[in-house]
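Chains R and D, in that order, give the protein sequences. Per the working numbering, numbering of the first sequence is gapless, rising by one per residue and ending at 467. Per the working numbering, numbering of the second sequence is gapless, rising by one per residue and ending at 121. Beta carbons: idealized from backbone N, C-alpha and C, even for Gly. All remarks here apply to the structure that follows.
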Amino acid sequence: MRKRDLVVIGAGPAGMAAAVLAAELGLDVTVLDEQVLPGGQIFRGVDRVSASRSKILGRDYTDGARLTQDLRQSRIKHFSGAVVWAIEENFRISFTHEGRGAQINADRILLATGALERPMPIPGWTLPGVMTAGAGQILLKQSGIVAQDAVLVGSGPFLYLIATQMVGAGTPPAAVIETQRLRDMIRATRHLGGALRGWPYLAKGLKMISEIKRARVPRYTGATQIAIEGEGKAAALTFIHKRQKKRVACKTVYLHHGVVPNTHAARSLGISHRWDAGQVSFVPELNPWGQSDVAGVFIAGDGAGIGGAKVAEYAGQLAALKVAEELNCISISHRNRVAVPLRRALAREMAVRPFLDAAYPPFEEALSPSDSTLVCRCEEVTAGDIRKYARLGCLGPNQTKAFARAGMGPCQGRYCGLTVTALLAEANGLSPDQTGYYRIRAPLKPVTLGELAAMDNMSEGPVD
Amino acid sequence: MNNASPFLELESGPRVDITWDGKPLSLPDGANLAAALLACGIEVFRSTPVSGAPRGPFCMMGACFDCLVEIDGVTRQACMIEVKNGLDIKTINVPRAPNA
Ligand SMILES: Cc1cc2nc3c(=O)[nH]c(=O)nc-3n(C[C@H](O)[C@H](O)[C@H](O)COP(=O)(O)OP(=O)(O)OC[C@H]3O[C@@H](n4cnc5c(N)ncnc54)[C@H](O)[C@@H]3O)c2cc1C
Ligand code: FES
Chain R
4 MRKRDLVVIG AGPAGMAAAV LAAELGLDVT VLDEQVLPGG QIFRGVDRVS ASRSKILGRD
64 YTDGARLTQD LRQSRIKHFS GAVVWAIEEN FRISFTHEGR GAQINADRIL LATGALERPM
124 PIPGWTLPGV MTAGAGQILL KQSGIVAQDA VLVGSGPFLY LIATQMVGAG TPPAAVIETQ
184 RLRDMIRATR HLGGALRGWP YLAKGLKMIS EIKRARVPRY TGATQIAIEG EGKAAALTFI
244 HKRQKKRVAC KTVYLHHGVV PNTHAARSLG ISHRWDAGQV SFVPELNPWG QSDVAGVFIA
304 GDGAGIGGAK VAEYAGQLAA LKVAEELNCI SISHRNRVAV PLRRALAREM AVRPFLDAAY
364 PPFEEALSPS DSTLVCRCEE VTAGDIRKYA RLGCLGPNQT KAFARAGMGP CQGRYCGLTV
424 TALLAEANGL SPDQTGYYRI RAPLKPVTLG ELAAMDNMSE GPVD
Chain D
22 MNNASPFLEL ESGPRVDITW DGKPLSLPDG ANLAAALLAC GIEVFRSTPV SGAPRGPFCM
82 MGACFDCLVE IDGVTRQACM IEVKNGLDIK TINVPRAPNA
């Protein structure tokens with residue numbers, strides 16, 4: 004089987020920018036992404052969006068078409084709807100495409116698999132009608148559907164973005180219930196210097212807040228004891244605001260308290276990760292080119308640590324430069340010359356992050372949920388169960404997985420991993436690094452027997 | 022469009038016929054299946070194998086597996102599939118066998 008110079012997994016801003024530059028520099032590039040269209044999360048569906056929806060979503064979204072266009076025009080092989088489920092040692096990548104299993108070999112791999120919504124386990128979060136805010140936005144971007152009676156809950160500028168988009172669509176949310184407190188904002192002023200370097204973001208944030216106000220959407224900050232009520236589906240949200248109990252009736256709840264790197268594929272390859280206290284998540288250990296400690300594997304974009312779309316793009320290009328140099332397409336001096344402005348732009352984009360991380364920290368109650376709250380959605384394991392196993396001597400998530408089945412279900416811990424690590428670390432008085440994370444093994448996504456059988460029959464034709 | 026749905030469809034296009042547990046539904050051709058079902062008022066997609074609790078789409082990006090449905094005998098993520106004429110979808114409500 005022919006070996007590609009570079010296989011990029013993920014067609015978000017990081018993957019697209021990397022693929023385009025790498026192809027320009029002469030590499031043979033293949034991009035695999037499980038979505039039906041390129042764009043990743045931020046530019047989801049941008050190639051098919053209608054004019055009216057474009058207006059609601061704004062320039063920051065429609066600008067993504069620049070990247071998807073470049074991806075189409077260059078000599079890149081892009082498989083959409085390609086679900087990667089295994090990456091083996093010799094860099095044989097297995098994926099499902101159009102109902103069949105397929106495999107390709109790579110010389111270098113770039114993981115550009117982006118972020119996941121930070122899990123937000125609060126009472127009632129598994130009820131139908133409760134979704135991530137990112138899901139709410141995907142519904143709008145990709146399908147043009149908006150929730151009519153929604154409350155947005157959590158913290159971070161992304162909540163303001165989706166709230167203003169809902170206002171623009173003529174369906175303002177019933178309320179925005181925020182968990183950050185005044186003291187978070189005060190603490191964040193420490194990072195004001197960096198924030199001012201990233202002033203366009205601050206200006207955007209303030210503009211969004213004033214739009215939400217103008218639309219008369221009630222906003223509550225510093226909310227605590229948040230719970231979702233409902234028989235069989237979400238019906239209301241209850242919380243405490245300024246010592247008063249509040250209840251907002253709703254049909255849809257959108258949760259968000261930040262996004263975290265999707266480390267799934269990286270972990271399956273044994274790449275080292277460390278705890279990042281500022282981002283309250285694990286991030287892969289990388290050098291400034293995005294190179295991991297598994298030779299030949301690079302990571303760029305939100306999967307490397309949350310930086311947003313622009314950072315993803317620059318980091319993708321940096322990785323492409325390094326791969327092109329390693330494969331002798333460009334010289335070291337060429338690589339370094341092109342990298343200088345990229346690094347400068349990247350640093351400028353990152354400047355606002357420490358301020359945002361401090362001003363909009365994750366919701367404490369969701370980092371350490373009450374005993375009766377489900378943390379593992381798939382196997383329905385509660386926070387109390389995890390604490391119980393900690394008392395019985397479980398130190399790490401792989402032990403509670405064996406005893407309580409947390410992380411054993413189809414999502415493979417994507418929406419409980421960080422919570423279980425946090426609960427065990429807290430109960431055992433250890434750090435998240437000492438506590439560790441789930442061991443991730445292939446298949447990263449379920450594969451059916453039919454898909455595997457189709458792979459056996461497949462000649463190399465369709466892919467090569 | 023469906024008045025019982027908490028979701029509003031901003032645009033409309035050609036529709037095709039599918040069945041949901043034998044019940045005929047008309048959904049926008051080529052739309053995301055999970056989104057289209059939500060827009061026509063279906064919020065509960067399955068029940069869990071552990072407690073039988075109802076579930077619906079949560080992440081819309083293929084990561085949570087709460088949107089699982091059965092299509093032609095195969096379990097699929099509704100949020101990762103496009104609507105096609107004639108899809109025969111069944112809800113999954115199978116309790117897990119004890120000790121499984
Ligand atoms: C739901 C959601 C919505 C967001 N919306 C916004 C927004 O509106 N504005 C904003 O500034 N930021 C948004 N973000 C933050 C966003 O992560 C970044 O801004 C940006 O999209 C990061 O780019 P990326 O290239 O690193 O990853 P992404 O854009 O996330 O792209 C990663 C790609 O990898 C693919 N992938 C992952 N695993 C596999 C696999 N196993 N096989 C095949 N393909 C795979 C995914 O399908 C995806 O297309 C959002 C995040 C999420 C989770
Ligand atoms: S809604 Fe999460 S996987 Fe489909």
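Residues are counted here when their Cβ sits less than 8 Å from a Cβ of chain R; for the segment 56 to 86 of chain D these are 56, 57, 59, 60, 64, 65, 66, 69, 71, 72, 74, 75, 76, 77, 78, 79, 80, 81, 82, 83, 84, 85, 86, given in chain order. For residue 52(D), the neighbours in chain R by C-beta distance under 8 Å run, in chain order, 146. Boundaries of the alpha helix (DSSP H) harbouring residue 392(R): 386 to 394, taken from the DSSP string. Taken through DSSP and simplified to helix, strand or coil, residue 339(R) comes out as helix.
For the segment 415 to 428 of chain R, the beta-carbon criterion of a distance under 8 Å to any beta-carbon of chain D is satisfied by 417, 418. The criterion of a C-beta distance shorter than 9 Å is satisfied by residue 255(R) and residue 153(R). Residue 104(D) is a Cβ neighbour of residue 50(D), given a cutoff of 9 Å. Taking C-beta separations shorter than 8 Å and ignoring five residues to either side along the sequence, the partners of residue 409(R) in its chain run 378, 379, 382, 384, 388, 389, 400, 403, 416, 419, 423, following chain order. Listed in chain order, the non-local C-beta contacts of residue 363(R) below 6 Å within the same chain comprise 158, 159, 183, local neighbours out to five positions each way being set aside.
A residue is called buried when at least 16 other Cβ atoms come within 10 angstroms of its Cβ; residue 437(R) does not meet this threshold and is exposed. From the beta-carbon of residue 35(D), no residue of chain R is found nearer than 8 Å; the closest lies around 14 Å away.
Straight-line spacing of the CA atoms in residue 450(R) and residue 86(R) works out to 9 Å. Secondary structure within the segment 169 to 213 of chain R: the beta strand (DSSP E) runs of 3 or more consecutive residues, fully enclosed, are 178 to 181 (chain order). Residue 117(D) is not a Cβ neighbour of residue 89(D), given a cutoff of 9 Å.
If you draw a 10 Å sphere on the C-beta of residue 435(R), you find 16 or more other C-beta atoms in it, and that means buried. When C-alpha distances from residue 265(R) are compared across 12(R), 5(R), 7(R), 8(R), the shortest belongs to 12(R). When the alpha-carbon of residue 355(R) is set against those of 368(R), 226(R), 207(R), the nearest one is in 207(R).
Under a criterion of Cβ atoms nearer than 8 Å, the residues of chain R adjacent to residue 27(D) are, in order, 132, 150, 151, 152, 153, 254, 255. Excluding five sequence positions before and after residue 123(R), the CB atoms of its chain that fall closer than 7 Å to its own CB belong to 157, 258, 260, 366, 369, given in chain order.
Per the coordinates, the alpha-carbon of residue 94(R) lies some 14 Å from the alpha-carbon of residue 35(R).
With at least 16 other beta carbons inside 10 angstroms of its own, residue 269(R) counts as buried. Not one heavy atom of ligand 1 sits closer than 8 Å to the Cβ of residue 292(R). Proximity of residue 91(D) to chain R, defined by a Cβ-Cβ separation below 9 Å, is not satisfied. Residue pairing of residue 244(R) in beta bridges, as defined by DSSP: 247(R).
If you check the CB distance, residue 233(R) and residue 226(R) do not come in under 9 Å. For a Cβ distance threshold of 8 Å, nothing in chain D lies close to residue 232(R): the least Cβ distance comes to about 15 Å.
If you ignore the 5 residues before and after residue 41(R), its C-beta comes within less than 7 Å of the C-beta of 14, 19, 71, 74, 81, 83, all in its own chain and listed in chain order. With the criterion set as a beta carbon lying under 7 Å from some beta carbon of chain D, the members of the segment 213 to 243 of chain R are 235, 236, in sequence order. Around the beta carbon of residue 25(D), fewer than 16 other beta carbons sit within 10 angstroms, so the residue counts as exposed. Around the beta carbon of residue 53(D), 16 or more other beta carbons sit within 10 angstroms, so the residue counts as buried. With respect to chain D, the C-beta atom of residue 443(R) has no partner C-beta closer than 9 Å. Beta bridge pairing from DSSP links residue 443(R) with no other residue.
Proximity of chain D to residue 380(R) at the Cβ level (cut-off 9 Å) is accounted for by 69, 76, 79, 85, 86, 87, in chain order. Remark: C-beta atoms of residue 68(R) and residue 46(R) approach each other more closely than 9 Å. Chain order gives the chain R residues near residue 95(D) as 451, 453, where near means a beta carbon separation below 8 Å.
Rounded to the nearest whole angstrom, the C-alpha separation of residue 248(R) and residue 237(R) is 18 Å.
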